[in-house]
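Enquirer:
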Amino acid sequence: MLAGQQPLYEAELIFPLDKLHNHSSSIVELPGGELMVCWYRGSGERSADDVQVMAARRRPGQGWSEPFVLADTPGFPDCNPILFVDSRERLWLAWPAIVANEWHTALLRYRISTDYRRPGPPVWQTSEPWLVVPRNFHEKVRRTIEPLLAPGAPDFQMQWAKRLLERAADKYFTRMGWMPRNHPIELPSGRILLPLYSDGFSFSLIGITDDGGQTWTTGEPIVGPGCVQPTLARKRDGTLVAYMRDNGPPPKRVMMSISRDDGATWSPVTDTEIPNPGSSLEVLVLRDGHWVMVYNDTERGRHSLVAALSDDEGATWKWKRHLELDRRDQGAASFHYPSIIQAHDGTLHVTYSYFLNHLPEGEPRKAIKHVRFNTAWIREGER
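Each residue of the sequence shown is one higher than the last, beginning at -11 in our numbering.
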């Protein structure tokens, strides 16, 4: 651990266990040190029309506020929200409204606020749908997928590849269905990169704005066998690394692609050695140059959630410590979809979905959990 730094770990539920589905949180620190967390809540996910984006605040020295509605499209489910504070201290909210109860019908929306210091929801100055034509989409998909149609390929592979090629030529499928999951990052140039993915294609896309959200373009799609929910890290030399959830066939690993042109183009997708059960993860570059990744460290199940620390920009992850570990039968509890930030005091804050699935049906058993810790706690290891 760093000299003089003592291990720190604190944990709490943002609200008591709830009967509704509470999932997919995102945390930010606002100027002045206040925390804000959002997530979605309802009687289901895309199939339930009562799903809203909720939020809660925590001022320094105080507890979490009562949850309040942050976004609600009446009659449509609102899911997968993310929060972000840019270099101009503007607060962003991005989320998809699900138009026809299927993930591929997602319509991405975003809001921007400069008036968010008061209790409750911010006052939004910008509220827009995110409408773009993805860059070089059909060509990139064709170049990547056509080789998979070689004679002798397995039938499931042939069917999957043909379906992707058909959808990549369809304007609806290429322009709809994009959803966020992890925090955007802002480059030194001021360019903001918004990580997106599509369940319709089961791969990823990076939204790009160079004027603070007034106009948008995209990079080329990040095409691979089930590479979704990208999280971005920037190396000292400017290389961008996208780590992605593995929704594809075994081996179940965190997937990776790199960009050397600020997100415009991306390398072929490869597997890392990091296990992934088909669950969201997030990586964060700390101010001292270390990287932290929070993820489910299994190939099956979400009962184990860890924070891992790298001192070589993700080449290795030398330290790892559990945030959660349930040793009962797989599925008895689930801890997943982490969101991580580094606060102004250097500590790390993570929120994640906290499901006690073993409790009887109808009992409150879902919440969002918040933990605060430092890198010394990770380095200390299991005790």
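Cβ atoms here follow ideal geometry from the backbone N, Cα and C, with glycine treated the same way.
Please report how far the alpha carbon of Gly165 lies from the alpha carbon of Ser186, in whole angstroms.
Expert: Going from the Cα of Gly165 to the Cα of Ser186 covers about 6 Å.
Enquirer: Thinking C-alpha only, which one of Tyr325, Ala364, Thr102 is nearest Lys308?
Expert: Measuring from the Cα of Lys308, the nearest candidate turns out to be Ala364.
Enquirer: Assuming Val129 is part of the alpha helix (DSSP H), what are its boundary residues?
Expert: Per DSSP, Val129 belongs to the alpha helix (DSSP H) from 125 to 133.
Enquirer: Just to check my reading of the structure: Pro183 and Ile194 have Cβ atoms closer than 8 Å, yes? What is that Cβ distance to the nearest angstrom?
Expert: That pair is a contact at about 6 Å.
Enquirer: If you drop the 5 nearest sequence neighbours on each side, which residues of the same chain put their C-beta closer than 6 Å to that of Ser35?
Expert: Asn89.
Enquirer: Is there at least one non-hydrogen atom of the ligand GTP closer than 7 Å to the beta-carbon of Val216?
Expert: The ligand GTP is not part of the structure shown, which contains no ligands of any sort.
Enquirer: For the beta strand (DSSP E) holding Gln40, just list the boundary residues, first then last.
Expert: Taken as a continuous stretch (DSSP letters only), the beta strand (DSSP E) holding Gln40 covers 40 to 46.
Enquirer: Arg105 to Pro48, Cα distance in whole Å?
Expert: If I take the Cα positions, the gap works out to 13 Å.
Enquirer: My guess is that His337 and His358 are in contact by the Cβ rule of under 8 Å, so how many angstroms apart are they, rounded?
Expert: Going by Cβ atoms, the distance from His337 to His358 rounds to 7 Å, so yes, they are a contact pair.
Enquirer: Based on DSSP bridge pairs, tell me the residues matched to Arg309.
Expert: DSSP output for Arg309 lists Ala295 as bridge partner(s).
Enquirer: Label Arg224 either buried or exposed according to how many other C-beta atoms from any shown protein chain fall within 10 Å of its C-beta, with 16 as the threshold for buried.
Expert: Label assigned to Arg224: exposed.
Enquirer: If contacts are defined as beta-carbon pairs under 8 Å, then Thr114 and Arg131 qualify, I think. What distance do you get, rounded to the angstrom?
Expert: Not really, about 36 Å apart at Cβ, beyond 8 Å.
Enquirer: Just verifying my parser: in three-state terms, what is the DSSP assignment at Gln(-7)?
Expert: Reduced to three states, the DSSP call for Gln(-7) is coil.
Enquirer: What number of angstroms, rounded off, separates the C-alpha of Asp299 from the C-alpha of Asp143?
Expert: Between Asp299 and Asp143, the C-alpha separation is close to 43 Å.
Enquirer: Using CA atoms only, rank isn't needed, just tell me which of Leu313, Ala44, Thr206 is closest to Pro110.
Expert: Pro110 has its Cα closest to that of Ala44, out of Leu313, Ala44, Thr206.
Enquirer: So is Lys128 buried or exposed if we call it buried at 16+ other beta carbons inside 10 Å?
Expert: By the 10 Å Cβ count, Lys128 comes out buried.
Enquirer: What is the rounded straight-line gap between the Cα of Asp249 and the Cα of Lys7?
Expert: Those two C-alpha atoms are separated by around 46 Å.
Enquirer: For chain B, check one thing: does any of its Cβ atoms lie closer than 8 Å to the Cβ of Gly178?
Expert: You won't find chain B in this structure, because it holds only one protein chain.
Enquirer: Using three-state DSSP, classify Trp118 as helix, strand or coil.
Expert: Looking at Trp118 - three-state DSSP - the assignment turns out to be coil, as it is neither helix nor strand.
Enquirer: Measuring CB atoms only, is the segment 68 to 78 touching the segment 16 to 24, in the sense that at least three cross pairs come out at less than 8 Å?
Expert: Contact between the segment 68 to 78 and the segment 16 to 24 is present, because at least three Cβ pairs lie under 8 Å.
Enquirer: Mind checking Phe56: buried by the 16 CB within 10 Å criterion, or exposed?
Expert: Label assigned to Phe56: exposed.
Enquirer: In the structure shown, what three-state DSSP assignment does Ile2 receive?
Expert: Note: Ile2 maps to coil in three-state DSSP.
Enquirer: Please look up how many angstroms separate the CB atoms of Met42 and Trp27, rounded, as I've assumed it's under 8 Å.
Expert: Yes, they are in contact, since the Cβ atoms of Met42 and Trp27 sit about 6 Å apart, within 8 Å.
Enquirer: Check for me: the alpha helix (DSSP H) holding Gln217 runs from which residue to which?
Expert: Looking at the DSSP string, Gln217 is not in any alpha helix (DSSP H); the run it does join, the beta strand (DSSP E), is 215 to 222.
Enquirer: Quick check on the DSSP output: the alpha helix (DSSP H) that includes Arg151 runs from which residue to which?
Expert: From DSSP, the alpha helix (DSSP H) with Arg151 extends over 143 to 156.
Enquirer: Grouping DSSP H, G and I as helix and E and B as strand, with all else coil, what is Tyr342?
Expert: Looking at Tyr342 - three-state DSSP - the assignment turns out to be strand.
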